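Undergrad: Chains as they are written, first to last, in the working numbering: chain H, 1 to 231; chain U, 1 to 228.
Here a beta-carbon is modelled for each residue, glycine too, at the ideal position from N, C-alpha and C.
If you're wondering where the values come from, they're calculated on a predicted model, not measured in any experiment.
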Amino acid sequence: MTSKVYANAVAALFDLRDGISLMSGGFGLCGIPENSIQEIRRQGIKNIHAISNNIGNSGRGLAWLLKQKQISAATCSYVGGNPDLEEQMLAGEVQVTLVPQGTFSERIRAAGMGIRGFYTPAGYGTLVAEGKEERVFDVPCILELPLGADFAIIKAERGDRFGNLWFKETARNFSPLMAMAARVTIVEVEQLVELGEIEPENVHVPGVFVQRIYQGVDYENAIEIPMYAEQ
Amino acid sequence: MSDNLPLWSKTEMVDEVVAMLDHGASLNLGIGIPTLIAERIPPDKEIWIHSENGVLGVSGRPTRETVSPTLINAGKETISVRKGASYFDSATSFGMIRGGHIDVCVLGGMQVDAEGSLANWMIPGKKVTGMGGAMDLVHGAKMIIVMLTHFSKDGDAKLLHRCTLPLTGKRVVHKVVTDCGIFTPMGDSFRIEKLAPGITYDQLGLPLKMWTRSLFQDGSEPWENTTD
Numbered sequence: 001m002t003s004k005v006y007a008n009a010v011a012a013l014f015d016l017r018d019g020i021s022l023m024s025g026g027f028g029l030c031g032i033p034e035n036s037i038q039e040i041r042r043q044g045i046k047n048i049h050a051i052s053n054n055i056g057n058s059g060r061g062l063a064w065l066l067k068q069k070q071i072s073a074a075t076c077s078y079v080g081g082n083p084d085l086e087e088q089m090l091a092g093e094v095q096v097t098l099v100p101q102g103t104f105s106e107r108i109r110a111a112g113m114g115i116r117g118f119y120t121p122a123g124y125g126t127l128v129a130e131g132k133e134e135r136v137f138d139v140p141c142i143l144e145l146p147l148g149a150d151f152a153i154i155k156a157e158r159g160d161r162f163g164n165l166w167f168k169e170t171a172r173n174f175s176p177l178m179a180m181a182a183r184v185t186i187v188e189v190e191q192l193v194e195l196g197e198i199e200p201e202n203v204h205v206p207g208v209f210v211q212r213i214y215q216g217v218d219y220e221n222a223i224e225i226p227m228y229a230e231q
Numbered sequence: 001m002s003d004n005l006p007l008w009s010k011t012e013m014v015d016e017v018v019a020m021l022d023h024g025a026s027l028n029l030g031i032g033i034p035t036l037i038a039e040r041i042p043p044d045k046e047i048w049i050h051s052e053n054g055v056l057g058v059s060g061r062p063t064r065e066t067v068s069p070t071l072i073n074a075g076k077e078t079i080s081v082r083k084g085a086s087y088f089d090s091a092t093s094f095g096m097i098r099g100g101h102i103d104v105c106v107l108g109g110m111q112v113d114a115e116g117s118l119a120n121w122m123i124p125g126k127k128v129t130g131m132g133g134a135m136d137l138v139h140g141a142k143m144i145i146v147m148l149t150h151f152s153k154d155g156d157a158k159l160l161h162r163c164t165l166p167l168t169g170k171r172v173v174h175k176v177v178t179d180c181g182i183f184t185p186m187g188d189s190f191r192i193e194k195l196a197p198g199i200t201y202d203q204l205g206l207p208l209k210m211w212t213r214s215l216f217q218d219g220s221e222p223w224e225n226t227t228d
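(1) Quick one: Cα of residue 17 of chain U to Cα of residue 185 of chain U, how far?
(2) May I have the straight-line CA-CA distance separating residue 4 of chain U from residue 198 of chain U, to the nearest angstrom?
(3) Quick check on this structure: which residue in H:90, H:143, H:134 has the alpha carbon closest to the alpha carbon of residue 116 of chain H?
(4) Evaluate residue 96 of chain U with the Cβ neighbour count: other Cβ atoms within 10 Å of its Cβ, from every protein chain shown; 16 or more gives buried, anything less gives exposed.
(5) Mind pulling the chain U residues with CB within less than 8 Å of residue 77 of chain H?
(6) Using a Cβ-Cβ distance under 7 Å, would residue 69 of chain U count as near chain H?
(7) Of all the residues that make up the stretch 159 to 174 of chain H, which are near chain U by a beta-carbon distance shorter than 7 Å?
(8) I need the boundaries of the beta strand (DSSP E) containing residue 90 of chain U, first residue and last residue.
(9) Would you mind telling me which residues of chain U sit closer than 7 Å to residue 128 of chain H, beta carbon to beta carbon, in chain order?
(10) Consider the Cβ of residue 222 of chain U: report whether some Cβ of chain H lies at a distance smaller than 7 Å.
(11) So for residue 12 of chain U, helix, strand or coil by DSSP?
(12) Run through the stretch 129 to 199 of chain U for me and flag every whole beta strand (DSSP E) of 3 or more residues, listed as ranges in chain order.
(13) Could you please tell me which residues of the stretch 106 to 122 of chain U, in chain order, have their CB closer than 7 Å to any CB of chain H?
(14) Have a look at residue 70 of chain U and residue 188 of chain U and give me their C-alpha separation to the nearest angstrom.
(15) Establish whether the CB of residue 228 of chain H and some CB of chain U are separated by less than 7 Å.
(16) With DSSP collapsed to three states, give me the class of residue 214 of chain H.
(17) Taking 7 Å as the CB-CB limit, is residue 143 of chain H close to chain U?
(18) Unbroken beta strand (DSSP E) runs of length 3 or more, entirely within the stretch 172 to 202 of chain H: which are they?
(19) Taking 7 Å as the threshold (C-beta atoms), are residue 116 of chain U and residue 33 of chain U in contact?
(20) Pick helix, strand or coil for residue 49 of chain U, following the three-state DSSP scheme.
(21) State the CB to CB distance for the pair residue 163 of chain U and residue 113 of chain U, rounded to an integer number of angstroms; the pair is presumed to be in contact (CB under 8 Å).
(22) Please list, in chain order, the chain H residues whose beta carbon lies closer than 7 Å to that of residue 160 of chain U.
(23) Please state whether the Cβ-Cβ distance between residue 77 of chain U and residue 60 of chain U is less than 7 Å.
(24) Quick check: the Cα distance between residue 233 of chain H and residue 136 of chain U, rounded to an integer number of angstroms?
(25) For residue 202 of chain H, collect the residues of the same chain with a Cβ closer than 8 Å to its Cβ; drop the 5 residues on either side in sequence, then sort them by chain order.
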């Protein structure tokens, strides 16, 4: 097996091209793959179909790519807090598909798990159900299909050369699902550790789901809405 | 029209919801007013707060020393967690919801109707925030509570016979807590469970026939009128 370890973002993201579908982990700005996003911004590839819960927020994350008009389609659950996306959506520059967040997660999981479709009550009786097959179980449900991608870029706190990953606190969110669902999953880590340093019981993503991994640098780890206890 | 009414404050609304929670309950909190609930739960009441970005056991706010950029709630605000908390991915998080493992979910809303339908994710031609997790949440938790101000800034009632905005979920809401009182959607009308002190049902902004008054604070006879 050739090594999965790459020197940096430039080396790991060598084969991206115009028109790819691209999953990006993170909830708001929490757990986003900062280095890979900056490398894609530098490359300037266009017509990206971005699949991410927020497509960036507050001008950061994938919003860097929105500002450069690199994203032409977006699949996400939430636009609020992302003025770049809202503006380009209303101007018709980005084709936005809104998906209920639980359905979004499960469609990505389904793509990674080999599930060809599933029925869920979420969205029944709303605009989301339009054009979808309906079926009544104990409650009325709609058919949802898997959501895969060409590439996934994700960030983990720790990872080893096989691609075993460990996430910190709520930074995990969509990343393990996207790791399973993309044809090529590229991981950046705060710490690249030796095999065995992440105890087998504590592996959040087994390495088989990861194709490339590199040590990230210069993390901003921005806090979007800081709230503190009164002291 | 709500300017001179003795409305409940946000804190009073929150305390009404807290009073409905059983010791040991699991609870999902939506963005907006509901997030205030985490700070108003008394220490002797054990509540397991779930946030759909992947945490069960949300506690109060962190200090400047303990704050972590990777520890946030679904509103992207920094949080802390209690002893016994757990973290998980988004599919597991929504499995907890959709699978019926969470007892209570409290969401904000733009409109809610007598049928129990909720609208809270877009105003056609004006504003699209997206549904986030709301469409999944309303179909999973055992009890769905909607918190919203009773009137819009223009004075329109947000409790309607039928929602006019695109729905988040159809026939899903169990209780509505506004700054005027607590209401139960009954199909063609709302049952009044409780009114803020000084509020009367003719101030609720809809024809009398919209309200089924089942509980008079003065103990007088209940009446019903459920026709549209």
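TA: So, from the listed chains and residues:
(1) 16 Å
(2) 11 Å
(3) H:143
(4) buried
(5) 130, 131, 132, 133
(6) yes
(7) 168, 169, 170, 171, 172, 173, 174
(8) No beta strand (DSSP E) contains residue 90 of chain U, which is instead part of the alpha helix (DSSP H) from 90 to 98.
(9) 135
(10) No answer about residue 222 of chain U holds up, because its pLDDT of 42 lies below 50 and its placement is not dependable.
(11) helix
(12) 143 to 147, 175 to 177, 181 to 185, 190 to 195
(13) none
(14) 45 Å
(15) yes
(16) strand
(17) no
(18) 182 to 193
(19) no
(20) strand
(21) 5 Å
(22) Within 7 Å Cβ-Cβ: nothing; residue 160 of chain U doesn't reach chain H, min ~16 Å.
(23) no
(24) Chain H is shown from 1 up to 231; residue 233 of chain H falls before or after that span and cannot be answered.
(25) 166
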